[in-house]
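Trainee:
Protein chains: 2
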Amino acid sequence: MKNVTAAKPEISVQKCSYMRVLEIVSSKWAVLIIAALADGTKRYGDLRRRIEGISQKMLTQTVRQLERDGLVKRYVHDSVPPSVEYELTPIGQTILPHLFSMKQWVNEYYAEVERARQEYDRTDRK
Amino acid sequence: MKNVTAAKPEISVQKCSYMRVLEIVSSKWAVLIIAALADGTKRYGDLRRRIEGISQKMLTQTVRQLERDGLVKRYVHDSVPPSVEYELTPIGQTILPHLFSMKQWVNEYYAEVERARQEYDRTDRK
DNA sequence: CGGGATCCCTCCCGATACTG
DNA sequence: CAGTATCGGGAGGGATCCCG
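Here the protein sequences line up with chains A and B, keeping their order. So the first sequence is residues 1 to 126, counted in this note's numbering. So the second sequence is residues 1001 to 1126, counted in this note's numbering.
Structure follows, in structure tokens:
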């Protein structure tokens, strides 16, 4: 008779869906860029200004990755000075409700999380 | 008349809800641990075995952070050998539907994302 | 304006060894 | 069994300079 709690890694880092979520919306910048594009197309400089603290390197890099994943479309206008616009693709749009619902969750529970942290730091700290 | 696209960082790295989401469910390990605890209390070793590829350092560290945030409760049984169990708190439970729904999203769109990647690598690569 | 290319440094995290 | 402590490599990402 085998052990019921036998070793079977049910959550594989390689295959499981949760890893794929994080593979796509991995970085904080990815989430913020998608959020910034939620209400429509934006230019590069607009994004840069709207997302506080992002460096151009990370903006470019992350927006490229989102484009590669098919979540963001990049439009280059042949003009002087150059103008580049970014917008969410239909697939990119489909992730918005999930982000919104996560946002709702935070708005509802963040206060409790902060209380828990203070409690933890007060009692369990050495 | 002011510029309509004036510089107003609407998405602050410091304050916005999306950052708080990532602050709580930041790492991949956090998500995988919560997922592993979805169907009930687990012992330390069980978690370690169920989550493929996690080191004990990251398991301990992440589980501690989740405990600090009030998402996970840690039970220490005074026994020899020692036994420690982890389970989701009520707050921890409330995040599960969001994770599930993200999982659904991935299952629905991941194929398209992979297609987009291949397309991107084929055409836009140098 | 919208990037590309570099330098450089932090800190994440895995590996390893030890403990109550 | 369930951790803690320490070391070290490597990648993430910021700062800076340059370009079409």
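All residues carry an ideal CB built from backbone N, CA and C; glycine is no exception.
(1) How long is the line joining the alpha carbons of G1045(B) and M1102(B), rounded to whole angstroms?
(2) Assuming the contact rule is C-beta atoms closer than 8 Å, S27(A) and T60(A) should be a hit. Round their C-beta distance to whole Å, please.
(3) Out of P82(A), Q118(A), T94(A) and I54(A), state which residue places its alpha-carbon closest to the alpha-carbon of I33(A).
(4) Go through its chain and collect everything with a Cβ distance to A1035(B)'s Cβ below 7 Å, but skip five positions before and after it.
(5) Using a cut-off of 7 Å between C-beta atoms, extract the partners of M1102(B) located in chain A.
(6) Under the DSSP definition of a beta bridge, which residues are partnered with K1042(B)?
(7) I'd like to know whether the C-beta atoms of Y109(A) and R43(A) end up nearer to each other than 9 Å.
(8) Within 9 Å (strictly less), CB to CB, does L88(A) reach chain B?
(9) Ignoring anything shorter than 4 residues or poking outside the stretch 1014-1077 of chain B, list the alpha helix (DSSP H) runs there in chain order.
(10) Check the Cβ-Cβ distances between L71(A) and every residue of chain B, and say whether any is below 9 Å.
(11) For A111(A), does the count of other Cβ atoms within 10 angstroms reach 16, so buried, or fall short, so exposed?
(12) Pick from R1117(B), T1123(B) and V1106(B): whose alpha carbon is nearest that of R20(A)?
(13) Taking just the CA atoms, how far does A38(A) sit from Q56(A)?
(14) By the DSSP assignment, the alpha helix (DSSP H) with V113(A) in it spans what residues?
(15) Count the other CB atoms, across all protein chains shown, that sit within 10 Å of the CB of D1078(B); report buried if there are 16 or more and exposed otherwise.
Mentor: On the basis of the coordinates in this document:
(1) Position 45 of the second sequence, counting from 1, holds the residue named residue 1045(B). Position 102 of the second sequence, counting from 1, holds the residue named residue 1102(B). Taking the straight line from one Cα to the other gives about 27 Å.
(2) To locate residue 27(A), count along the first sequence from 1; it is residue 27. To locate residue 60(A), count along the first sequence from 1; it is residue 60. Rounded, the Cβ-Cβ distance is 13 Å, inconsistent with contact.
(3) Indexing the first sequence from 1 puts residue 33(A) at position 33. The shortest C-alpha separation from I33(A) is found at I54(A).
(4) As a working mapping, residue 1035(B) is identified with position 35 in the second sequence. By the criterion of a C-beta distance shorter than 7 Å, A1035(B) is surrounded in its chain by L1099, once the five residues flanking it on both sides are discounted.
(5) Here the question's residue 1102(B) lines up with position 102 in the second sequence. Within 7 Å Cβ-Cβ: V21 and H98.
(6) As a working note, residue 1042(B) is residue 42 in the second sequence. Answer is Y1086(B), bridged to K1042(B).
(7) Here residue 109(A) refers to the residue found at position 109 when the first sequence is read from its first residue. Here residue 43(A) refers to the residue found at position 43 when the first sequence is read from its first residue. Taking 9 Å as the Cβ cut-off, Y109(A) and R43(A) do not qualify as a contacting pair.
(8) Numbered from its first residue, the first sequence carries residue 88(A) at position 88. No, L88(A) does not count as interfacial toward chain B.
(9) 1017-1024, 1028-1036, 1044-1050 and 1056-1068
(10) Working through the first sequence from its first residue, we reach residue 71(A) at position 71. With 9 Å as the cut-off, L71(A) counts as an interface residue toward chain B.
(11) Sequence index remark: in the first sequence, residue 111(A) carries index 111 (1-based). The residue is exposed, with fewer than 16 neighbouring Cβ atoms inside 10 Å.
(12) Counted from its first residue, the first sequence places residue 20(A) at position 20. Cα-wise, what sits closest to R20(A) is V1106(B).
(13) The residue given as residue 56(A) occupies position 56 in the first sequence. The residue given as residue 38(A) occupies position 38 in the first sequence. Distance between the alpha carbons of Q56(A) and A38(A) is about 20 Å.
(14) On the first sequence, residue 113(A) is found 113 positions in, with the first residue counted as 1. Counting along the chain, the alpha helix (DSSP H) containing V113(A) begins and ends at L96 to T123.
(15) Locating residue 1078(B) in the second sequence gives position 78, where the first residue counts as 1. Within 10 angstroms of the beta-carbon of D1078(B) lie fewer than 16 other beta-carbons, which makes it exposed.
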